[in-house]
Structures are given as C-alpha cells and as structure tokens.
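Worksheet: one structure, shown below.
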Amino acid sequence: MTKKDLFDGLNYIDDQIIEEAQPTGESAGYSDEIYVKNHETHHGGKEDKNRKKHKKFARAAKALATVAAVLVVAVLGTEVVRLNNRIDELETKTANVISQNNAQNNVYAGIKSGAKLGDYESASDYGKLYDVAKKAEASIRNTASGDLLETADATGIMSDASSTNKQESAANTEYSTTNVMTEGVDESDVVKTDGKYIYMVEEGQISITDISKGKPGEETLFRPDFEVPSDTVEELYISDGKMLIISNHAGDKDETICYSYDIADPTKPVLIGKARQDGFYNTSRKIGNTVYVFSDTYIKTSDMNKNVALQEDNLEKWVPQVNGKVISYDCFYIGENTYSGTVISSFDVDKPDKTIDAKCIMNNSGEVYVSSNAMYLYHSDWSASRELTKISKISFEDGVMKTGETTSVNGYLNDKFAINEQGGYLYVLPTSNTGSQPVNSLHVLDKDMNEVGVINEIARGESIYAARFVGKYVYFITYRQTDPFFVADISNPTAPKLLGELEVSGFSEYLHMWDDTHVLGIGYGDSQQSKIKLTMFDVSDPTKPVEVNQKLIDSSESWSNEFVYNYKAILADPEKNMIGFTANDYYLYSYDSENGFSLLEQQALTYKNTEGYRGIYKDNDFYVAGNGEIKHFKLAE
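Quick note on my numbering: the sequence shown kicks off at 1 and runs consecutively.
In structure tokens, the structure reads:
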C-alpha cells in the first residue's frame, strides 16, 4: 500500500460524506424549482430512514478511518501526524453532517434559489453563518460600547406611482384604500376599510366600527389571540373577507406574528391561523392572497462557543426561525462584517402557518421597495470609505423568491420614492456628499443590476427631498438654496436626460401625479417649517414646468406632521378631488384651476402631534379615524 493509496482512500471517505449529506429522491423535496426539507419522524419513536443511513454511514466512516490510521502507522510512520490530522478533519465533517441531518425536522429549507445574491453568498453550513456573525460581533465590540449587543433587542407607468386607490363593493359603494407605492401591491396600515366597516389599531386591539349606514354605528373592540398580553399590534390588512393583523412580540428574541382571521361576520372574527418569524417587524406587502413579511433580526452568538452553538438542540437559540423552524443555512445570504439582517417570508393569507418561502439577507437591515414582481433591499454601506447605497434584487412569483444581483450607487436615498422599477429597469435617485456640498444623480439599472444609463452632477449644493416616477418622466424636488423642481426624460433608459427645471420657494416632501399634465406637491413653504405648502405644477411642457397654484397653511403649532415621513398618511385622490392630511387638525382640500386649493373641511383632533390618523371616504361620507376616535362629516353632492 502506497501513500497515494491511503490518501485516495481518505479522500473517498470525504467525498462520500459530502454525497451522503445531500438529500436524494423524494426525501430531498426537489420538484423542479421547489426544495423543501421536511423529514418527519415516524410514529412509535422510530428514526427516519435518513437518520439511520447517516448514523450507519458515520459508524462506517469512523471505522474505516481508524483502520486507515493503523495502516498508516504500520506502513508510513513519518506520515502519522499528517494523516491523523486528516482523520480528525473527516470526523469533524461527519459530525457536522449528522448534526445538520438530525436537525432537519426543525429546519425550514425554503425554495431552492441561487447560490449568490450579488456579492452576498449563500452560507455553506451553519458553521459559516456562526463564523461571520462572530467576526462581526468582535468588530463591533472593538469600535463601540459592549452594551450594544446586550440592548439590541430593545432597539427594533402610472402603475408604478403610488396611488390612493378607489374600490367598489358588490353594492357599488365607492370607498378609499391605503395610499401605496406600487399599484396592485397592497400595504398594511393602522386604519383600513372594506366600505362597510372601519378597522382601526387601538392600543393592542382592533376597533371595528359599522359604517354601513353612513354615520359610525356600533363598535366592536377585538383583541387578537395573543400568546403574550404585552404583544403590540402594528398594522393590518383587510381584503376579501379576511383580516390579517401584524404584531410584534418583544422578548429574548424579537418576533413578528401575523394573525389571519375570517371576518364574514366582522363583529366575531374567527382565527384561521398564524404566521411567525424572528425579528422586529419592518414592513410587508400583499399581492392577491400572498403576503411578504420583512423583519429585522440579528444573530447573537456571544454566549455560545461554536461547538455548542452547532448542536442540534441549540440552533434555535441563535438561528432565525419562521413558523417555529430554523431557516436552512443555504437560505442565508451573508456578506462581510455583519450579524444583523432582514428575514423575509411569504405565505397565503388563507394558510398562514404554511410558509411558502423564506430567506435571510445579512445586510445590516435597511429599507425595502417592492414592485409587482421584485423586491429591492437597500441600505447605506460605508465599507468603501465613502457613502454608498447597496441594493439587492430578489424577484418573486406567487410567494416563491429567487435571488438576483446586488449593486451599489454613490450616495443615499433621501425619499422612499427615489427608487422605482418600470419596464424592466430600476431607476435610482441618490444624493451624495462629495466635498463640502451635496450632489445628486440618476442611475438606470437593467434586470441584472448593471448600470446602463446615468445623469451625474444634478443640482450641486441641493439634496433631493421628493421624487415621483410616472411613465416616461421622473419629477423631483431638491432643497437647500434655490429649491428647484426638475423634470427628466427616462423614455430611453440608456440615455436619460434633464428636460426642465423651475426655482420655487419652499420644498415638497411628497409628489403625486394629479392628472396627465399636473403634479401635486405637499411640503413646507419655508425652512422653519412653520407653513405647510400645497403646490400644483403644470408639466404639460416638460421643458418648462410652471407652478400654477399654491396654498400656505399655518403649522407653527404642529411639530410632528406624519405626511412628511409616511405617505400612507396622505389621501390624494384626483377622481374624488380630495387632498387630505394631518397637521394638528385634519385638513381636507379640493383643487381646480380657477380657484386653486379650497378647504373642504378642518376637523379638530383629540390628540395633537400624533401619528396614526387617516382620512377615509365611502361614497359621500368622510371619516377621520385614528387613535381610538372617528370623526364623520358629509361631503357636498
């Protein structure tokens, strides 16, 4: 027996360990694109076939390794140390295989996807995930207070434009819905209506008020089936006779729990089921019956060494879970120096306990933009010693997620509407601080996240405050000195160009396409933010935009206006001719070219400088709902 023969034999063992670690046939869960590892233990306490096979193989591998060691001593002598190290390596690998296969009953493997998400790589095993998290924790301790880790639990075309959609019930009742970023992609909120009832988040419970007869009628206070009374209700969805309540549970591990109810009788909701995932609730989207939930989580390994952490019974202590199962290691996409990230899960509102897919992107968390067929996760990245926005693309269909590419652009996104997908391209409007002055740019990325078009050096000295992509144009406002309103042509993605600009006083925080030739702006008239400003821009000639009307509203006593940072707090409905928002009181305006902005109603609110109020209409009835109260008035015929 030669040295080569022995090493070939040990390498064969190594190959067999790897081969045996891969599920095969039906047990692997492969069915075209779908990959689900869900090995159930047979009744009567018997181990499943995979476990038996791995234990049997482990014993054989160890025995063969031992025999090889004896032969090594007898034949080669001088190679003992080297070969013993190789045997130790194989035994460790075998133990890893056994641990990971024994844990399969408690692992949610998700949908088979790419091995990469741009420069994020899929973890090769839980050990790799542990190593990356451990390294990031050490780096953080070297640069910040050690208390950070201990207190982290408590910290937590027109169709592409946002729209306050109008819906009609079976009885042809018109009612408003939530102002969303992407038409056809619903978003959760603190107040919803189905045209018959108003559903409102109210201190850990849901207030359900009958509005079928116009004036608010009987109210039902409903508390979800919380496992822990201190859990909080964040937002909800209402559609097709279902209510989905999203809550946060704070504890040793933050958890987002979604409760799905049948509301055929809204006064008596019936629980359908629950979906849960680790991490503090960030945001969610709903397309048809499919819900996508995003939560911010982190991997805390500081109290366990690696050998202990990788034991089957300990995985759930540090690996994020969905519906009670740890996410499979190959559904984690990891970068350098990060122990926090975004958990994404999808489920059908009718079957919330049946996870469709799950991923965890270790990207230090951040913001989310969702189009009709892809989600983009983006966050600030300082790894290159300059400010970048890192953007990762994950496409989806019916809950199944497919990882794509990742890219970076200079600067940061100052407005949620500064990113938009249409026609297969992603458009991004970042502001970067180069030298002593900010400067802006427009980037166009193709489906593979490659830059195919760009406009640099836009409005040096200014920062983008609001943007709106509509069809072949993008409109945006900058603020600092001259406060211009810009129009850019994006009809040719490879050659975007600025068309026109207009200097205005004040600045807009939100832009909304009012009709084919007018853009509505809502913001402030001065830098002190003492006056809210409504603006109407005429963009019939995009090379020469004109401010045709404006309205200033005293807001000197209002120090917190939710419309500034939450577009869902705005009602902008051109068809009903309504513009509504809260600034201490609730204001409802209409607009016409002759009279400009006209006040329809000003409703005093009980709680000043408080977020959570929403304006809702149903036919000619209008409601201001939020914080446990509902104001009602009739609209003019």
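Think of the CB as a built atom: it goes at the ideal place given N, C-alpha and C, for glycine as much as any other residue.
DSSP-derived helix/strand/coil call for residue i
| i | result |
| --- | --- |
| V454 | strand |
| W318 | helix |
| Y565 | coil |
| G127 | helix |
| E255 | strand |
| A133 | helix |
| A161 | Model confidence at A161 stands at a pLDDT of 45, short of 50, so the residue's coordinates are unreliable; what they give is reported in the following sentence. Coil, per DSSP. |
| A275 | strand |
| D592 | strand |
| A625 | strand |
| K631 | strand |
| A636 | coil |
| D313 | helix |
| K196 | coil |
| Y613 | coil |
| N549 | strand |
| K351 | strand |
| D189 | strand |
| K268 | coil |
| N620 | coil |
| N492 | coil |
| K213 | coil |
| K306 | helix |
| D538 | strand |
Own chain, CB closer than 7 angstroms to residue i, minus 5 neighbours either side, in chain order
| i | result |
| --- | --- |
| T431 | G411, Y412, N414, P438, N440, S463, I464 |
| L499 | V487, A488, D489, P542, T543 |
| S508 | Y465, A466, I477, G521, I522, G523, T535 |
| L271 | D225, Y259, Y261 |
| S159 | With a pLDDT of 36 at S159, under the threshold of 50, the predicted position of this residue should be treated as unreliable, though the coordinate-derived value follows. Within the same chain, S159 has close Cβ partners E183, G184. |
| K634 | N620, D621 |
Exposure of residue i, with buried meaning 16 or more beta-carbon neighbours within 10 Å
| i | result |
| --- | --- |
| V653 | Absent from the model: residue 653. The displayed extent of the chain is 1 to 637, so no value can be given. |
| Q321 | buried |
| A636 | exposed |
| P266 | buried |
| T434 | exposed |
| K359 | buried |
| A74 | Because the pLDDT at A74 is just 44, under 50, the model does not fix this residue reliably, and the value given afterwards should be weighed accordingly. A74 is exposed by the Cβ-count criterion. |
| D194 | buried |
| N595 | exposed |
| S295 | buried |
| T78 | With a pLDDT of 47 at T78, under the threshold of 50, the predicted position of this residue should be treated as unreliable, though the coordinate-derived value follows. Answer is exposed; the Cβ neighbour count stays below 16. |
| S436 | exposed |
| R276 | buried |
| N638 | Only positions 1 to 637 of the chain appear in the structure, and residue 638 is not among them; the question remains open. |
Inter-residue Cα distance where the pair is residue i and residue j
| i | j | result |
| --- | --- | --- |
| L520 | K416 | 17 angstroms |
| L221 | T209 | 9 angstroms |
| Q476 | N314 | It is worth fixing the name first, because residue 476 is Phe in this sequence and not Gln. Taking the straight line joining both Cα atoms gives about 51 angstroms. |
| A495 | V539 | 21 angstroms |
| D621 | K533 | 26 angstroms |
| G241 | R614 | 21 angstroms |
| E451 | A123 | 28 angstroms |
| K274 | D619 | 34 angstroms |
| Y130 | A583 | 48 angstroms |
| N549 | F469 | 22 angstroms |
| N566 | L588 | 17 angstroms |
| I570 | T178 | 9 angstroms |
| Q422 | W382 | 28 angstroms |
| G424 | F396 | 14 angstroms |
| Q205 | N289 | 23 angstroms |
| E316 | S371 | 33 angstroms |
| E667 | K268 | Any question about residue 667 goes unanswered here, given that the chain covers just 1 to 637. |
Beta-carbon contacts of residue i that lie in its chain and below 8 angstroms, excluding the five residues immediately before and after
| i | result |
| --- | --- |
| G612 | V190, V191, V201, E562, G626, N627 |
| W559 | N609 |
| I630 | I198, M200, T209, P216, Y623, V624 |
| D350 | K242, S260, I272, N289 |
Cutoff 6 angstroms; reference residue i; Cβ partners in own chain excluding five residues on either side
| i | result |
| --- | --- |
| H512 | L520, A572 |
| D231 | S247, H249 |
| K196 | S212 |
| S590 | N577, S598, L600 |
Whole-number beta carbon distance between residue j and residue i, since they are thought to touch under 8 angstroms
| i | j | result |
| --- | --- | --- |
| T338 | A136 | 5 angstroms |
| E405 | D448 | 5 angstroms |
| L357 | M401 | Note that residue 357 corresponds to Asp in the displayed sequence, not to Leu. Between M401 and D357 the Cβ distance is about 5 angstroms, and since that is below 8 angstroms, they are a contact. |
| T342 | W318 | 17 angstroms between Cβ atoms; not a contact. |
| Y333 | K286 | With a Cβ gap of about 24 angstroms, Y333 and K286 do not count as contacting. |
| Y175 | Y617 | 7 angstroms |
| V291 | S346 | 7 angstroms |
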